[in-house]
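Quick notes on the structure that follows.
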Amino acid sequence: MNDRYEIIEALARYARAIEERDGEALAALFAPEGEFQVFSRYAGEEYVALDADVVGQDALHAMLTNSAMPPGRGMHYLTTDHIVDITGDEARMQAQFVVLASTANPRPENGWAPGAELMQGKLTLTMIGNYDSQLRRIGGSWVFTRHQVKHSLPMALPLKS
Numbered sequence: 002m003n004d005r006y007e008i009i010e011a012l013a014r015y016a017r018a019i020e021e022r023d024g025e026a027l028a029a030l031f032a033p034e035g036e037f038q039v040f041s042r043y044a045g046e047e048y049v050a051l052d053a054d055v056v057g058q059d060a061l062h063a064m065l066t067n068s069a070m071p072p073g074r075g076m077h078y079l080t081t082d083h084i085v086d087i088t089g090d091e092a093r094m095q096a097q098f099v100v101l102a103s104t105a106n107p108r109p110e111n112g113w114a115p116g117a118e119l120m121q122g123k124l125t126l127t128m129i130g131n132y133d134s135q136l137r138r139i140g141g142s143w144v145f146t147r148h149q150v151k152h153s154l155p156m157a158l159p160l161k162s
């Protein structure tokens with residue numbers, strides 16, 4: 002497997018860890034001092050940091066493990082247009098992402114009615130943006146040293162007190 006492929010696969014594993022809310026898998030994809038940063042964009046202006054930085058594997062594990070997802074709802078992260086630049090054991094990857102939320106309808110006790118649509122639930126586009134990641138080869142594996150999530154739309158996060 003070549004470096005470019007391994008770096009793109011690290012992003013695929015990141016997406017799966019986020020989807021599955023697997024804090025252990027997420028933390029393993031980051032360097033011990035790895036940083037996770039979130040940005041938002043307002044009316045086409047420059048990206049603005051949301052002061053939601055998470056630093057270190059323990060904090061990344063907790064961030065995902067303590068995240069609550071409503072029953073029947075899933076998130077699906079799709080990435081594309083990966084641009085990878087590698088210099089020795091350091092790399093930068095930029096990629097675009099789209100996130101879909103799926104909300105499954107409850108299963109009826111007597112099964113679905115005749116003629117029901119094949120898929121029972123709802124898909125909603127929830128996020129779109131760009132990833133800008135720095136990675137380093139440590140112990141033979143590529144891990145994130147900084148992963149920036151740059152949302153193309155404003156995010157409504159609670160203000161810190």
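Using the working numbering, you'd call the opening residue of the sequence shown number 2 and step up by one each time. No residue lacks a Cβ here, since even glycine has one placed at the ideal position from N, Cα and C. On a predicted model such as this, the values are computed, not experimentally measured, just so you know.
CB contact flag (residue i, residue j, <8 Å)
i: T163; j: V150; result: Residue 163 lies beyond the residue range present for the chain, which begins at 2 and ends at 162; the question has no answer from this structure.
i: E36; j: D54; result: yes
i: Y78; j: A28; result: no
i: S153; j: R93; result: no
i: Y132; j: A96; result: yes
i: P163; j: Y6; result: Since the first residue of the chain shown is 2 and the last is 162, residue 163 is not available in this structure.
i: I8; j: L136; result: yes
i: D1; j: R14; result: Given that the chain is displayed from residue 2 to residue 162, the structure contains no residue 1 and the question cannot be resolved.
First through last residue of the alpha helix (DSSP H) which encompasses residue i
i: D4; result: D4 to E21
i: A50; result: Note, A50: premise wrong, no alpha helix (DSSP H); beta strand (DSSP E) at Y48 to A50.
i: A60; result: Q58 to T66
Residue from the options with nearest C-alpha to residue i
i: P33; options: A157, L154, G140 and T104; result: G140
i: G130; options: T81, D90, H62 and K123; result: T81
i: H62; options: R22, T125, H148 and W143; result: R22
i: F40; options: M64, A96 and L51; result: L51
i: L30; options: S142, A157 and M156; result: S142
i: Q58; options: E10, R5 and T146; result: T146
i: M76; options: Y48, E47 and E20; result: E20
i: Q38; options: V56, E46 and E47; result: V56
i: A157; options: L12, M64, G112 and V49; result: V49
Range of the contiguous beta strand (DSSP E) that encloses residue i
i: D133; result: G122 to I139
i: E1; result: Past the edges of the chain, shown from 2 to 162, lies residue 1, and the structure says nothing about it.
i: R147; result: S142 to H152
| query | For the stretch 105-120 against the stretch 83-94, are there 3 or more C-beta pairs whose distance is under 8 Å? | reply | no
| field | Complete runs of the alpha helix (DSSP H) confined to the stretch 81-106 [at least 4 residues] | value | none
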